[in-house]
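Student:
Residue numbers (my numbering): 17 to 452.
1) Would you grab the beta carbon distance between residue 442 and residue 376 for me? Rounded to a whole angstrom, and I think it's under 8 Å.
2) Hey, quick one: how far does the alpha helix (DSSP H) through residue 230 stretch, first residue to last?
3) I believe residue 280 touches residue 249 by the beta-carbon criterion, under 8 Å. Please report the beta-carbon distance rounded to the nearest angstrom.
4) Shortest alpha-carbon distance to residue 324 belongs to which of 228, 231 and 367?
5) Among all the DSSP beta bridges, which residues are the ones paired with residue 333?
6) Compute the Euclidean distance between the alpha carbons of residue 393 and residue 180, then round it to the nearest angstrom.
7) Is residue 84 helix, strand or coil when you go by DSSP?
8) Might you give, ordered along the chain, the residues of its own chain that have their beta carbon closer than 6 Å to the beta carbon of residue 81, omitting 5 neighbours on each side?
9) Tell me which residues share the same chain as residue 379 and place their Cβ nearer than 6 Å to its Cβ, disregarding the 5 neighbours each side in the sequence.
10) Comparing alpha-carbon positions, which option in 73, 161 and 111 lies nearest residue 454?
11) Kindly indicate which residue of 156, 137, 113 and 362 has the alpha-carbon position closest to the one of residue 87.
12) Which of the three DSSP states, helix, strand or coil, is assigned to residue 394?
13) I'd like to know whether the C-beta atoms of residue 256 and residue 277 end up nearer to each other than 8 Å.
14) Cα-Cα, which of 247, 342 and 356 is closest to residue 425?
15) Check this for me: beta carbons of residue 319 and residue 359, under 8 Å apart or not?
16) Using DSSP with H/G/I as helix, E/B as strand and the rest coil, what is residue 100?
17) Just reading off the beta strand (DSSP E) that residue 431 is part of, what are its end residues?
18) In the DSSP assignment, find the unbroken alpha helix (DSSP H) run with residue 285 in it and report its ends.
19) Would you kindly report the start and end of the unbroken beta strand (DSSP E) that includes residue 134?
20) Quick one: Cα of residue 244 to Cα of residue 294, how far?
21) Using only alpha-carbon positions, find the residue among 316, 268 and 312 that is nearest to residue 372.
22) Under the three-state reduction of DSSP, which class applies to residue 105: helix, strand or coil?
23) Buried or exposed for residue 449, going by 16 or more other Cβ atoms inside 10 Å?
24) Would you kindly report the start and end of the unbroken beta strand (DSSP E) that includes residue 438?
25) Give me the Cα-Cα distance between residue 316 and residue 238, rounded to the nearest whole angstrom.
26) Under DSSP, the beta strand (DSSP E) around residue 310 begins and ends at which residues?
27) Starting from residue 59, follow the alpha helix (DSSP H) in both directions and report where the run begins and ends.
28) Hey, could you find the ends of the alpha helix (DSSP H) residue 351 is sitting in?
29) Expressed to the nearest angstrom, what Euclidean distance is found between the alpha-carbon atoms of residue 220 and residue 187?
30) What residue does the beta strand (DSSP E) around residue 375 start on, and which one ends it?
31) Answer with buried or exposed for residue 37, where buried requires no fewer than 16 other C-beta atoms within 10 angstroms of its C-beta.
32) For residue 306 and residue 354, which I take to be in contact (beta-carbon distance under 8 Å), what is that distance rounded to the nearest angstrom?
33) So, with DSSP's three-state summary, where would you put residue 402?
34) Rounded to whole angstroms, what's the CA-CA distance from residue 286 to residue 322? Just pull it up for me.
35) Hey, residue 42 and residue 155 are a contact pair by Cβ (cut 8 Å); roughly how many whole angstroms apart?
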């Protein structure tokens, strides 16, 4: 999953966006002001000056031609261009012409009345300098002030959120998986924390205290339950061993003893599985890889009497050798539960186990399941066919198998149709590492 951006990164991004927007608006304002001054105001002023001259010139032919520091006028009476500088004579169009030659920055306005032509040249270089010193320079200073205030605000915001950032960095670096007890050392953060951060720290300390208490209770329960439950099962197994030593027993008693032994073995397997799942510590892998094919063959032999009782045929199909670097007990529990579940829901049919280089498939010809049943198939104590009663087991087989599969990072999929059987496939990763 992609790493989320931190608060500081978001603040920096907001600051950069703010500066960019201010810069764009400022530059846009400068360009707009330039266009207004030199594209509208100056042209309108020259046009008004020409109109003013022509009004007075019509009444008084001796009215002086405009001639000031930045504005010079030239008159071509009756088309006589002798009084007009040569550089302007060839500029025929009536109206405005931009003149930018060398150091000269001027705007030429040409107007004509009754055969007379008026040339007015406005030197706007000084206006540009005034606009720069009294417009752009103050605006730049204001802009720098805004930038400075924005940066100060950014730094103050960073300082305000720094306790939150430090808390986040501390939690990110804390090894929750490696620590047996979750003990957060937040004393340093408390010294400079404000009210909001202190509330977060206190809430986290209360949460970790409750979590540690819960973990300790679970650890004690797992230890005590493992001891107290193993003892009666061991006594039961020992008693069965003594009973089986007596050869002269009726057949019905021997059958009852065999059923009790299978029940004890199932109880031992279930107990070991539940205790394994309850332990928080990682399950260390063996030094040598386990040959899954042999484990499955052993489970099929163990479950053969149960399958024969239901009239089922068990078969193993090996297309490749599959080895996993995991405890053999884990493979036994997963595969055994899947095969046992297939036997429980099949009567007078087949249970086929297919081993490939990366997966194990358990296919039965049993009752199958509908779509609604498939959605709940991994739920604890769920049975797809309640009418089968205790014969279908405790409803924990697939749930336990999935928990172990998830703990080791494998994959599991189930495909089933009512009346056509069920196929469960477990996808392994060869040379699997330490379980989680």
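Glycine included, each C-beta is placed from N, C-alpha and C at the ideal position.
Tutor: Let's see:
1) Indeed, because the Cβ distance is near 5 Å, the residues count as touching under 8 Å.
2) DSSP places residue 230 inside the alpha helix (DSSP H), whose first and last residues are 211-261.
3) So it is a contact: roughly 6 Å between Cβ atoms.
4) The candidate whose alpha carbon is nearest that of residue 324 is 367.
5) 370, per the DSSP bridge assignment.
6) Our two residues, residue 393 and residue 180, have alpha carbons roughly 44 Å apart in a direct line.
7) Coil at residue 84, not helix or strand.
8) Sequence-distant Cβ neighbours of residue 81 in its own chain, meaning closer than 6 Å and more than five residues away, are 89 and 91.
9) If we look at residue 379 and ignore the five residues flanking it on each side, its Cβ neighbours are 368 and 439.
10) The chain is shown from 17 up to 452; residue 454 falls before or after that span and cannot be answered.
11) When 156, 137, 113 and 362 are compared, the shortest CA-CA separation from residue 87 is found for 137.
12) Taken through DSSP and simplified to helix, strand or coil, residue 394 comes out as coil.
13) Residue 256 places its beta carbon less than 8 Å from that of residue 277.
14) Closest by alpha carbon: 342.
15) Yes. Within cutoff.
16) Here DSSP, grouped into helix, strand and coil, assigns residue 100 to coil.
17) For residue 431, the enclosing beta strand (DSSP E) has its first and last residue at 427-433.
18) It spans 267-294 - the alpha helix (DSSP H) in which residue 285 sits, taken as one unbroken run.
19) Residues 132-139.
20) Spanning the two alpha carbons is a distance of roughly 16 Å.
21) With distances taken between Cα atoms, residue 372 lies closest to 312.
22) It is helical.
23) With a pLDDT of 42 at residue 449, under the threshold of 50, the modelled position of this residue cannot be trusted; read the value that follows with caution. In this structure residue 449 is exposed. Its beta-carbon is surrounded by fewer than 16 other beta-carbon atoms within 10 angstroms.
24) Unbroken beta strand (DSSP E) run through residue 438: 437-443.
25) Looking at the backbone, the Cα of residue 316 and that of residue 238 are separated by about 31 Å.
26) Residue 310 -> not in any beta strand (DSSP E); alpha helix (DSSP H) instead, spanning 308-325.
27) Where residue 59 is concerned, the enclosing alpha helix (DSSP H) starts and stops at 58-75.
28) Run containing residue 351: 344-360, per the alpha helix (DSSP H) assignment.
29) CA-to-CA, the gap between residue 220 and residue 187 works out to about 10 Å.
30) Per DSSP, residue 375 belongs to the beta strand (DSSP E) from 375-380.
31) When all chains shown are included, residue 37 counts as exposed.
32) With a contact defined as Cβ atoms closer than 8 Å, residue 306 and residue 354 miss out at about 16 Å.
33) Because the pLDDT of residue 402 is 48, which lies under 50, any placement of that residue in the model is unreliable, and the number read from its coordinates should be weighed accordingly. DSSP places residue 402 in helix when its eight states are reduced to three.
34) C-alpha separation (whole angstroms): 17 Å.
35) Residue 42 to residue 155, Cβ: 7 Å. Contact.
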